[in-house]
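> Just remember that the working numbering sits 24 ahead of the position in the sequence shown, which is counted from 1. Take this structure first; my questions come after.
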Amino acid sequence: VEEYKETKTYIVKDATEIVEMLDEHMNTTKQLQFSAFKAHFADQIDEWEKNLNLMSDILEQWLECQRSWRYLQPIFASEDIAMQLPKLHKMFEKVDRQWRKMMAQAHANPNVLTFCTSGVKVLDVFRDCNRMLEEVQKGLNDYLQDKRQCFPRFYFLSDEELLEILSQSKDVRRIDDHLRKLFEFIDHMSWKEGENTMLGFNSVEGEYLDFPAPFTPEGNVENWLREVENLMKASVHRQLQLAMEDYPSEQRKRWVTKWAGQAVIAIAQVYWTSDCETVLEQKGTVRSFAGKCEKQLMDLVDVVQGPLKAMERINMGALITIEVHAKDTIDNMVEAGVTAATSFDWMKQLRFYFDHKDQKCHIHQVDARFVYGGEYLGNTGRLVVTPLTDRIYLTLTGALSMCLGGCLLYTSDAADEEDSVDLGGRRIIKKKKKDRVIDICSGKTIQQTELCIVSL
Numbered sequence: 025v026e027e028y029k030e031t032k033t034y035i036v037k038d039a040t041e042i043v044e045m046l047d048e049h050m051n052t053t054k055q056l057q058f059s060a061f062k063a064h065f066a067d068q069i070d071e072w073e074k075n076l077n078l079m080s081d082i083l084e085q086w087l088e089c090q091r092s093w094r095y096l097q098p099i100f101a102s103e104d105i106a107m108q109l110p111k112l113h114k115m116f117e118k119v120d121r122q123w124r125k126m127m128a129q130a131h132a133n134p135n136v137l138t139f140c141t142s143g144v145k146v147l148d149v150f151r152d153c154n155r156m157l158e159e160v161q162k163g164l165n166d167y168l169q170d171k172r173q174c175f176p177r178f179y180f181l182s183d184e185e186l187l188e189i190l191s192q193s194k195d196v197r198r199i200d201d202h203l204r205k206l207f208e209f210i211d212h213m214s215w216k217e218g219e220n221t222m223l224g225f226n227s228v229e230g231e232y233l234d235f236p237a238p239f240t241p242e243g244n245v246e247n248w249l250r251e252v253e254n255l256m257k258a259s260v261h262r263q264l265q266l267a268m269e270d271y272p273s274e275q276r277k278r279w280v281t282k283w284a285g286q287a288v289i290a291i292a293q294v295y296w297t298s299d300c301e302t303v304l305e306q307k308g309t310v311r312s313f314a315g316k317c318e319k320q321l322m323d324l325v326d327v328v329q330g331p332l333k334a335m336e337r338i339n340m341g342a343l344i345t346i347e348v349h350a351k352d353t354i355d356n357m358v359e360a361g362v363t364a365a366t367s368f369d370w371m372k373q374l375r376f377y378f379d380h381k382d383q384k385c386h387i388h389q390v391d392a393r394f395v396y397g398g399e400y401l402g403n404t405g406r407l408v409v410t411p412l413t414d415r416i417y418l419t420l421t422g423a424l425s426m427c428l429g430g431c432l433l434y435t436s437d438a439a440d441e442e443d444s445v446d447l448g449g450r451r452i453i454k455k456k457k458k459d460r461v462i463d464i465c466s467g468k469t470i471q472q473t474e475l476c477i478v479s480l
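Have a look at this one:
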């Protein structure tokens, strides 16, 4: 028995030696019970066996109580948790008092046999404590489940991480420690100096997006985090709107490095869709548009060959990957002889539109229609878009349009390195897999792989 941290009480540090010795004595006693010469010592053997069984039961309950108490003690030591869970806190305090009393007695009387057979109903005390601790644990799990229902991104956190956030809700700046798990591509918030006011957010690579308006977190953490999520999406939509308005008046080589990488890719696809449909409507073929795609791609090559920051180079790599696929799509349409925007060869493409009525980007594919999700995707590279990727897009958009999910089973090693699939901010997959199976419907991975971030 030794002192535990700064709690002014004690715990059993290591019961291994006691348990081993107890098992040895119990085995020896069982052998004596079968001895032909036990008659003279029968009462003593029975009494000894009874004490050993009592010690075994007490140790089992004792160690179980200790595990639960050590887990719950720092949780209910937080004033925030105590205020939010007064009934559970009161029950835990009752157990805590009983625990401290029993451990003080154990420290004063370190002999296990003497302590367990001292006449005090030690076994009953520990059983009652375990029963109450089990109720406290169940109530705590229900509490955490309620918090996760209020803010589903809490499902990406372990119970310990969520409790840490809830117990430090008054110190709102501590949320930066957990942002990467809640919002995968947000590294930290930008705070107003000397105040707990959020001005915007930053990616790992250093890209900064400001909020439409400064925001000061107040109240329950799940409520203001939900507002942070809304502000994140509003910031992304605002970037798209500004990039859309700036595109016609700015030289494209400068425009691609002027705005956030996510906005550049989305709006470039909006104008690609618009130009392609305009050409089909006016000329009935996209042959002339293929030359424009080629020129735009070469312009991006010139940009990449110039001086760029590390973040800009990542963005350009992702944009070129998308633009190469766009050019290949146009070449395929030329070979297929597409003459109208109603042709299936065009309708099956992932098409981006900007609706000036709601000032938001929309995504169409066949009969599936989505509003751009607005999930911040940061600065990430892209794998080459293959015909298989196109079929995955087509399958998943069809499933999502019918309120269904999908499960991607990767078969190539490349998927382990970078397996990012996004539908205009609708984050489907992004993380290394251990066994490559993901449930995009619930946002949970199967067979103990890491959680992925989903914005549905």
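Backbone N, C-alpha and C define an ideal beta-carbon position, used for all residues, glycine too. Bear in mind that the values here come from a model prediction, so they are computed numbers and not experimental data.
Less than 8 Å separating the beta-carbons of residue 42 and residue 83?
Their beta carbons are under 8 Å apart, which means residue 42 touches residue 83 by this criterion.
> So is residue 380 buried or exposed if we call it buried at 16+ other beta carbons inside 10 Å?
Looking at its Cβ environment, which holds fewer than 16 other Cβ atoms inside 10 Å, residue 380 is exposed.
> DSSP on residue 399, reduced to helix/strand/coil?
Of the three classes helix, strand and coil, the one that applies to residue 399 here is coil, per DSSP.
> With burial defined as no fewer than 16 other Cβ atoms inside 10 Å of the residue's Cβ, what is the status of residue 202: buried or exposed?
Buried, because 16 or more other Cβ atoms sit within 10 Å of the Cβ of residue 202.
> Going by beta-carbon coordinates alone, are residue 400 and residue 210 separated by less than 8 Å?
Closer than 8 Å, so yes.
> Report the residue ranges of all alpha helix (DSSP H) runs contained in full by the segment 209 to 275; include only those spanning at least 4 residues, in chain order.
As far as the segment 209 to 275 is concerned, its whole alpha helix (DSSP H) runs of at least 4 residues are 245 to 270.
> Whole angstroms are fine: how far does the CA of residue 245 sit from the CA of residue 183?
Those two C-alpha atoms are separated by around 15 Å.
> Exposed or buried, residue 300, counting other C-beta atoms within 10 Å across all chains shown (16 or more means buried)?
With 16 or more Cβ atoms within 10 Å of its Cβ, residue 300 is classed as buried.
> If we require 4 or more residues per run, which alpha helix (DSSP H) segments fall completely within the segment 101 to 187?
The segment 101 to 187 contains these whole alpha helix (DSSP H) runs: 103 to 108, 110 to 132, 136 to 140, 146 to 174.
> Taking residue 387 as part of the beta strand (DSSP E), name the residues at either end of that continuous run.
That run of the beta strand (DSSP E) goes 384 to 389.
> Is there contact here, the segment 406 to 416 with the segment 336 to 346, by at least three beta-carbon pairs under 8 Å?
Yes: at least three Cβ pairs fall under 8 Å.
> Rounded to the nearest angstrom, how far is the Cβ of residue 403 from that of residue 356, given a contact under 8 Å?
Rounded, the Cβ-Cβ distance is 29 Å, inconsistent with contact.
> Where residue 185 and residue 196 are concerned, what is the direct C-alpha to C-alpha distance, given to the nearest angstrom?
So the two alpha carbons sit approximately 15 Å from each other.
> Nearest to residue 50 by CA position, among 240, 29, 81, is which residue?
Of the candidates 240, 29, 81, the one whose C-alpha sits nearest the C-alpha of residue 50 is 81.
> For the beta strand (DSSP E) containing residue 337, name the first residue and the last one.
Note, residue 337: premise wrong, no beta strand (DSSP E); alpha helix (DSSP H) at 334 to 360.
> In chain order, what residues of the same chain have a beta carbon less than 8 Å from the beta carbon of residue 44, not counting five sequence neighbours either side?
Same-chain partners within the cutoff: there are none.
> Assign residue 458 to one of three DSSP states: helix, strand, or coil.
With a pLDDT of only 36 at residue 458, under the threshold of 50, the placement of this residue in the model should not be trusted, and no figure is reported.
> Start and end of the alpha helix (DSSP H) containing residue 200?
Looking at the DSSP string, residue 200 is not in any alpha helix (DSSP H), and its letter there is neither H nor E.
> Touch check for the segment 306 to 314 and the segment 361 to 374: three-plus C-beta pairs under 8 Å?
Counting Cβ pairs under 8 Å, three or more are found: they touch.
> Just tell me which of 141, 277, 248 has its CA closest to the CA of residue 325.
Here the closest residue by C-alpha is 277.
> Where residue 221 and residue 98 are concerned, what is the direct C-alpha to C-alpha distance, given to the nearest angstrom?
The straight-line gap from Cα to Cα measures roughly 29 Å.
> Hey, out of 194, 248, 236, whose CA is closest to residue 104's CA?
With distances taken between Cα atoms, residue 104 lies closest to 194.
> Taking only runs that begin and end inside the segment 31 to 57, name each unbroken alpha helix (DSSP H) of 4 or more residues, in chain order.
Within the segment 31 to 57, the complete alpha helix (DSSP H) runs of at least 4 residues are 40 to 57.
> Does residue 422 come within less than 8 Å of chain B when only Cβ atoms are used?
The chain labelled as chain B is not found in the depicted structure, where only one protein chain is given.
> Answer with buried or exposed for residue 398, where buried requires no fewer than 16 other C-beta atoms within 10 angstroms of its C-beta.
So residue 398 counts as buried.
> Classify residue 171: buried if its beta carbon has 16 or more other beta carbons within 10 angstroms, exposed otherwise.
Under this definition residue 171 is a buried residue.
> Check for me: the beta strand (DSSP E) holding residue 406 runs from which residue to which?
It is not in any beta strand (DSSP E) - residue 406 carries neither H nor E in the DSSP assignment.
> Cα-Cα, which of 332, 237, 95 is closest to residue 280?
Nearest of 332, 237, 95 to residue 280, Cα basis: 332.
> Closest to residue 418 by CA distance: which of 427, 389, 87 is it?
For the residues 427, 389, 87, the minimum Cα distance to residue 418 belongs to 389.
> Residue 350 to residue 187, Cα distance in whole Å?
When rounded, the distance between both Cα atoms is 46 Å.
> In the DSSP assignment, find the beta strand (DSSP E) that holds residue 377 and state where it starts and stops.
Where residue 377 is concerned, the enclosing beta strand (DSSP E) stretches over 375 to 379.
> Do the CB positions of residue 429 and residue 392 come within less than 8 Å of each other?
Taking 8 Å as the Cβ cut-off, residue 429 and residue 392 do not qualify as a contacting pair.
> For residue 284, does the three-state DSSP call read helix, strand or coil?
Residue 284 falls in the coil class under three-state DSSP.
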